[in-house]
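Numbering (numbering that gives the first Met the number 0), first residue to last: 0 to 145.
Read through the structure below, which is laid out as structure tokens, and then see the notes.
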Amino acid sequence: MPDPSAGDEDSCVHGGVQSVSAVALGITAKTAEEIAKADIAKNAEDSYGGGAYGDITSHSVDAAKPVRIAGSEGYLVRWKVVTSKGPDGYAESVAFPSPTTKQMVVLRVGLDISDDAPKLSVLDGLLDGIKAGEAGTAGGGTGENA
0 MPDPSAGDED SCVHGGVQSV SAVALGITAK TAEEIAKADI AKNAEDSYGG GAYGDITSHS
60 VDAAKPVRIA GSEGYLVRWK VVTSKGPDGY AESVAFPSPT TKQMVVLRVG LDISDDAPKL
120 SVLDGLLDGI KAGEAGTAGG GTGENA
């Protein structure tokens, strides 16, 4: 999930979320834990490496744990990322089986640590809000409550 800030300081946003299949990311791991762990470094780099953030100078593991999403077992890995120029942030990769297709999905999150950014607790609410829909239908909504 490339953050616009990674390329242009004038278009900076303080957070973003993207869902993509593990296959589309080129991840061949099979379990939710393996997939989340395989994605987190690339997610952090896509979200916080370059542009207005400068380079990632270090990271620490903020969380690595099983989670339940839409009734299925998933796995969450969250890094606290330190950058050389812009605000530091959190990169989070959450892998879980799609409730409709059972294909493994990765939810990629980038969230700045800034007074203007949503609080970290918003991420927990985001995961709680993922529900099974009907296969082949769009989720609808405007995203304003994401």
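Where is the CB? At the ideal position from N, CA and C, for every residue including glycine.
Keep in mind it's a predicted model, so treat the numbers as computed, not measured.
Own chain, CB closer than 6 Å to residue i, minus 5 neighbours either side, in chain order
i	result
Pro98	Ala69 and Ala131
Val16	Val108
Ser57	Val81
Outcome for residue i when other beta-carbon atoms lying within 10 angstroms are tallied against a minimum of 16
i	result
Ala23	exposed
Asp114	exposed
Thr141	With a pLDDT of 41 at Thr141, under the threshold of 50, the modelled position of that residue is not reliable, and no figure is offered here.
Ser59	exposed
Val76	buried
Ser46	buried
Asp38	buried
Gly48	buried
Backbone CA spacing between residue i and residue j [nearest angstrom]
i	j	result
Asp87	Leu126	22 Å
Ala61	Lys101	Rather than Ala, the amino acid found at residue 61 in this sequence is Asp. Near 28 Å, if we compare the C-alpha coordinates of Lys101 and Asp61.
Val104	Gly25	12 Å
Gly14	Lys41	16 Å
Gly73	Glu32	7 Å
Val108	Thr82	16 Å
Thr30	Ser92	13 Å
Ala35	Val66	12 Å
Ala28	Gly128	26 Å
Asp111	Lys79	10 Å
Lys64	Ala94	11 Å
Val12	Ser71	31 Å
Strand pairing of residue i, partner residues [DSSP]
i	result
Asp111	Gly88
Val76	Ala63 and Ser92
Val105	Val19 and Ala94
Val81	Ser57
Gly132	Looking at the DSSP assignment, Gly132 forms no beta bridge with any residue, so it has no partner.
Other residues of its chain near residue i: CB distance less than 7 Å, five sequence neighbours each side excluded
i	result
Gly85	Ser4, Ala51, Tyr52 and Gly53
Leu122	Glu91, Val108 and Leu110
Beta-carbon separation (whole angstroms), residue i vs residue j, contact threshold 8 Å
i	j	result
Leu106	Ser20	At roughly 11 Å, the Cβ-Cβ gap does not stay under 8 Å, so Leu106 and Ser20 are not in contact.
Beta-carbon proximity list for residue i, same chain, < 8 Å, skipping 5 on both sides
i	result
Glu44	Ile55
Leu167	Residue 167 is absent from the structure shown; the chain starts at 0 and stops at 145.
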